[in-house]
Amino acid sequence: MSKRKWFHPDVPAEELTSSFRSVGELEDTAELRAWAGREFPSALETMSDEDDRESTRRDFMKVMGASAALAGFGLAACRRPEAHIVPFSKAPEWVIPGKALYYASSMPSAGGAVPLMVTTYEGRPTLVAPNKLHPEVDGTDAMVAASPLNLYDPARSRYFLAKGEKVERAKALKILAELTGKKTAIVFGEDVSPTRDRLVKDLDLAGAYQYEALAGAGQKAALAEVFQKGAALTHNYSKAKRILSVDADFLETDKQGPVKGFYKGRSLADKNGDESHAVEKAAKMNRLYVAEPAYSLTGGLADHRAPLAPSQVGVFLSAVAAELGLPSYSNTLTGDQAAWVKACVKDLKAHDGLLVLGSRYSKDLHLLALSINKELGALGKSLHIQDTKSPYGTIEDLAAALKAGEVETVIFATPANPVHENPVIDGTPLCDILEKVSVVHLGERTDATAHCADLHIPAAHYLESWSDTCSTRGRYSVVQPMIMPLYGGVSEVEFLLALQGDVADLYNSLEDAKMVSPAYEAVRMTFEKFAGKKYSQGLLKQLLREGFWNGKKYKSITETAKLSTPSLELQKAPTKGAYDLVFATDASIQDGRYINNAWLQEAPDPITKLTWDNCVQVSPQTAKDLGLYEEIVELEKEEKAWWATLGIDTDSKYKTSAVSEDKEGPSLAAPMLRVNCGSRSIELPVVIGFGQADNTLVVSLGYGQGYDEHWGDDFKGGLPTGYEGKSIKVCDVSSVSVNRGFDVYPLRDGEDYFASGVSAEKVDGLRYKIARTQEHHSMYGRALAREISAQPIDKYGHDVDFAHQLKKVQKHGMDSHAPENNTLYKQQDIKGKSHLSDKIHQWAMAIDLSSCTGCNACLVACQAENNIPVVGKTQVAMGREMHWIRMDRYFAEAPEKKSGDPKPEKKHDSDSLWAKPLEMIPQPVACVQCESAPCETVCPVNATVHTEDGLNSMAYNRCIGTRYCANNCPYKARRFNFFDYNKRNPVIHKNLYKGPFGEKQVGEAPHLQRNPNVTVRMRGVMEKCTYCVQRLKAAKIDAKKNVKDKVLAAGTSSVNVSADEKTLRISTGAVSVACQDACPSEAITFGNLLDPKDKIRTVKSRNNELVNKRGYDLLNYIGTLPRTSYLARVKNPNKAMPGGEKVGQATIHMH
Amino acid sequence: MANIFPRWTNILPLKIAICLGSMALCVVAGFSYYGTPKTQRVGYMPDQPIPYDHELHVKELGLDCRYCHSFVDQSGHANIPSANTCWNCHQHVAKGSEKLAPLRAALGLDKDHAPIEGAKRTPIQWVRVHKTPDYAFFDHSAHVNRGVSCVSCHGQVNEMPVVYHAESLSMEFCLDCHRAPEKHLRPLEEVYNLEYNPKEYLAQHHAALGVEDYDSNWSEKKAQLELGHLLKEKWSVTPRTSCATCHH
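Going down the list, the sequences are from chains D and P. Going by numbering that gives the first Met the number 0, 439 is the number at position 440 of the first sequence; the sequence numbering is gapless. Going by numbering that gives the first Met the number 0, 19 is the number at position 20 of the second sequence; the sequence numbering is gapless.
Printed below as a string of structure tokens:
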């Protein structure tokens, strides 16, 4: 019997929005469709038709027969080996074997701190979650969630190095004493630490500076000029009704104050999550305008977004200033752009506007931004200037001091990698200046700086050290150690204490393990001074328990007398051949510091969906200009038949394969672009960036820190220019970071954010294999992600207001006319008892697309919680990534044609996007726990079955790996272990294919990170999200103890006490799942449907029916009755804007 | 044409079939008997570094299970006591005993209980007797807090001079109880009482419990079932048998 196929219905005539994920989909090629429709595309790549598949099935049986016959030989020893239990000699307080222990701590970050709650098992930190007690908590981002893996990185620095050579501790300390005996300067990271400030004051230093490559030098300079040194800027988004962001990704990579208020301003819910007043709330929703070079996550959430080349920010801001009536500025914009700015500024003026400018733009632009904000009345209201009292100089100050010969030794204690980044200061690269002085490096990685330094000291991870920090608004937060330093690292405070006294006394955590680190006493003293009269032993205990002290904040500065309007030198717009080049912060590895983190490397870039590499992004029009677009889009490669080479010329062409290897498809190989910036040039693979400004190239920094002999394997048709044996350097990197991407720092001057006048040309015949997850696990169907508008929209000539749009959310796509699905599978067993028999707990989840930015925090947190392995670049390229929660990202073009019109020709130039909005919608998809799960019915061994409380569970030990379930999952939420990723190191070149001869990684430090309550899966096993079932179980077991407590309280025999549903129910909010915890925008709601007080009940009723009007079920019409529902995205467009009437209709249909 | 095969070969295929069939049967029967936890695990009695005598400590001295296995009602893992727990008593009792040498080594003490300078304090390596597989998550606290006694899985430990594996602890063993918990439930106060007898308990408490048709001639099994049913109802004990209960 031939396979029955489900044919999706035709695109209805009234559907106008066009949705796409990639260029291939935009151009809609049949080959890409066929390829993406397959479950594991590359496995079937070689199978051309059904017969082919049939024969491999037969081969499989043959091989299975042989292995079954051989299996008997392996039964020699059946006895279980002797195992030991090793209890403590002296039990430490609080540690209960098998139970998690939580500590409040914080992760220092540039300008602030991320308050954390760290989960530890028997002293091993395994997971970080936001500390919900902290008033400034914003959830975590992917980098914070992935930070525990850095702690266990086996490639972390563990030895003292002198000029790259390992030296003994005693000798190293001697060198240190000698070097620090001279005139010494220290360079710290851009984070805040009161203990550091206190200790530095007492040190006899030639200077103290702060440096990180991407920490907003321009903004700092402007603030220092107008206000004072150490002035910092923070936004209060809850006070701003209209926000204009000019290339500021303030929700993710360019944070400028806590963003909780921003999400609150967009929420339609009351305090308890109830959305019955959605219509009133929608009228008060805030509005976000974004103008930026390439899509950022903030741009994705914007109501109006326009592409703006970075060199044009000055022109744009001048126009804004002119519209506001600031003298000496003029609006030189024309057409749609002028109209855009005009309407936007009018709106900003009318409703508490706020301008946010990317922190890395120049000083002058920031001065203008401050003036604009003053004019808007934002200064002091939604924009606060605060005094951080930071006494540190900048990297320019350091360079000046070095040139003047005031410093003989520089100590780099910054998380940055100054030697690799090598900023050019006043025309001289930093490395050249450093040649004349001695360098000491305190760092976690043995990176380029570590190898060049006269002395490198291994640093402790923040989860291993005592320290302190201040949150963005200046709340004192403590950094607590969870574990003794694994590799004998030295923390910054310990290092400073040693400099204060005798260097030889530097704390040695490996030998002085029984002694409390001197850093603890230093931090305690700082807190004592900080808290002043309020200090007490009790307050210290509270600080350690809660992680922060709420007693003091930064003082705000209100004096704005020195604020002046600068005269700007407006730059010319980029043109063909004179491009703008943006040096972007990488969403995975930031400025390069996380390059050793495999979770982050494998987490797909939120916009490009690229893993393990960086690329140059160009807009579709620029790609066309460069002659790349057709090459990227072309999916079918036709070649002349082989007999043509013999001189027999016919017209017939020969198809090499259904989908060419080189093009958008299975083993995608991107064409290369040579970017010339002055005399320097670099070759990079190209990816099309939608919604990007034309003639703008965007590259992210931090990659390309070291290569080995396998680097060339990823290239087709040769090697990039400049690649010779001598350029290979492996010493600076680990197996995770070797051969990863391209180093863009050499193109960058100083701390510039962008370069203009850059030329670029296609490198002919050269391609680079990239691994993108864009088309992996792609779902098809109607109304996958839904969007409505808070303003009336025009439909068939009628205005449809918000209330009506809300009513129709559940009718998008097929859901208005598809008949109710009558499933063959009953929800009862033979006796008529419901399969979902649990009367106490029924689990469900809701994901709010209105606040989801697509930042990957959930994806990484899930990876940490559920022991999900990384698979490496080659496996990702084959579609074998294991993330249980994947982040789909769709683009939607606003309707242009009218119903019935022929398909219009697509315009690609970015100027048209000022009037014709292009929207981006991210959608996290994990297993939706269908009540009628298609996967369960096809499992031959019942390895995936339903639990009584509504989970679609996986028994890994039962799974035999047929993969039928994954084949039958309409949401593509199942992942298969093609290899033993946990046992064989997947990041070593071709290691997975070496079988038992491959390098094992069992016993290496990353295994300490594992969650002991989750099975580590082996090869050949299917896995997927189960709503963190281990947490649910633990919470249920805790609730069982209520019975015992009741007995103790009653003071009678237990037989007299009865326990009902209430006693055994998990108390409201007592259980949460990992993705929900991590989410910075609280987009994920999870809870018990049978608990009337649970927040999930504002979305779904106790019978899993939707009660929130915004709620809808993914692929509802196939009748799977999912437990995870989605809430439609709400946009709040301004109708006066060009194209404003088209925003808010980007419901995604994939056909 | 002459007969190539003699007549007796006619039934040879049948003979071979029967022979192979019975061999296969023997293999299956043998494996299902010898390959199961019932044969493989029950009776496993390894030597421990310290020959700790449960009979002496529990039955004769009356130590409660929870004195040493202190987190059994709080954590999934019933902990083996740390050396300092043993030392609470043994700093006074059986001083200098040869048997306690590993304990003193764990605490860095010599025979006369004087601390040894620079001792390494090697923790005691107890040999694991009961082990659930890595993919099965058994939680002690979930069971003892719901009225399942130690005895149900570990046997009469109070009568074991050397601890051995008393029950099969196979998946079937777990499921038997999860399907019919009444066979094992007892009042919470009696969970750690290893000499508990449901018959005697009912004889004392049947009136207070309101067991109407109580008969003093009930067998121990009958008494357990009656009491078990009553407790199951009262405490809403509904053990799960779906996979995720133990496998995640």
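By construction, the Cβ of each residue, glycine as well, lies at the ideal position given by its N, Cα and C atoms.
Residues bridged to residue i [DSSP beta-bridge criterion]
i        : result
R178(P)  : DSSP lists no partner for R178(P).
G1086(D) : A843(D)
N675(D)  : S680(D) and S758(D)
P114(P)  : L108(P)
H797(D)  : K794(D)
D585(D)  : Q589(D)
H945(D)  : N951(D)
Buried/exposed call for residue i, threshold 16 Cβ in 10 Å
i        : result
Y702(D)  : buried
K1035(D) : buried
Y980(D)  : buried
C245(P)  : buried
F30(P)   : exposed
L202(D)  : exposed
T139(D)  : buried
K1141(D) : buried
D579(D)  : buried
R781(D)  : buried
R544(D)  : exposed
Y33(P)   : exposed
F4(P)    : exposed
K654(D)  : In this prediction, K654(D) has a pLDDT of 43, which is less than 50 and means its spatial position is unreliable; nothing more can be read from the coordinates.
H139(P)  : buried
N1055(D) : exposed
T240(P)  : exposed
H455(D)  : buried
When the options are compared against residue i, the one with the closest alpha-carbon
i        : options                               : result
Y519(D)  : Y992(D), L202(D), L539(D) and V502(D) : L539(D)
A1210(D) : A754(D), L1088(D) and A770(D)         : Residue coverage of chain D in this structure runs from 0 to 1150, which leaves residue 1210(D) outside it and unanswerable.
P480(D)  : L495(D), S508(D) and D453(D)          : S508(D)
W883(D)  : A521(D), P390(D), A856(D) and E630(D) : A856(D)
L178(D)  : L204(D), F741(D), R197(D) and T194(D) : L204(D)
Q227(D)  : F801(D), T559(D) and Q804(D)          : T559(D)
A398(D)  : P422(D), R20(D) and F689(D)           : P422(D)
T1146(D) : A891(D), V258(D), Q826(D) and F261(D) : A891(D)
Any alpha helix (DSSP H) of 4 or more consecutive residues that is wholly inside the region 337–406 of chain D: 362–375 and 394–402
Is the region 1058–1067 of chain D close to the region 153–168 of chain P, with three or more CB pairs under 8 Å? no
Determine contact between the region 141–155 of chain P and the region 109–118 of chain P, defined as no fewer than three beta-carbon pairs at a distance below 8 Å. no
Which ranges would you report for the alpha helix (DSSP H) in the region 0–79 of chain P if only whole runs of at least 4 residues count? 11–33, 36–39 and 64–67
Tell me the start and end of each unbroken beta strand (DSSP E) in the region 397–454 of chain D that is at least 3 residues and wholly inside, in chain order. 408–412 and 437–442
Flag this pair as touching only if the region 984–996 of chain D and the region 734–744 of chain D have three or more C-beta atom pairs under 8 Å; answer yes or no. yes
Enumerated in chain order, which unbroken segments of the alpha helix (DSSP H) with a length of 4 residues or greater are wholly contained in the region 488–571 of chain D? 491–499, 517–530 and 536–545
Closer than 8 Å is the cut-off here; do at least three beta carbon pairs connect the region 7–25 of chain P with the region 358–375 of chain D? no
Taking contact to mean at least 3 C-beta pairs separated by less than 8 Å, is the region 263–283 of chain D in contact with the region 1097–1112 of chain D? yes
Could you name each continuous beta strand (DSSP E) segment of 3 residues or more that falls completely within the region 268–321 of chain D, going from the start of the chain to the end? 286–291 and 303–306
Taking three-plus beta-carbon pairs below 8 Å as touching, is the region 237–246 of chain D in contact with the region 283–292 of chain D? yes
If you pair each beta-carbon of the region 1078–1090 of chain D with each one of the region 837–844 of chain D, do three or more pairs fall below 8 Å? yes
Where in the region 952–1006 of chain D do unbroken runs of the beta strand (DSSP E), each at least 3 residues long, occur, reported from the N-terminal end onward? none
Is the region 596–607 of chain D touching the region 858–876 of chain D, taking contact as three or more C-beta pairs under 8 Å? yes
Does the region 83–102 of chain D come into contact with the region 430–437 of chain D, if we say contact requires no fewer than three beta-carbon pairs (one atom in each stretch) closer than 8 Å? no
Determine contact between the region 743–763 of chain D and the region 565–581 of chain D, defined as no fewer than three beta-carbon pairs at a distance below 8 Å. yes
Which runs of the alpha helix (DSSP H), 4 residues or longer, sit entirely within the region 124–187 of chain D? 141–150 and 168–179
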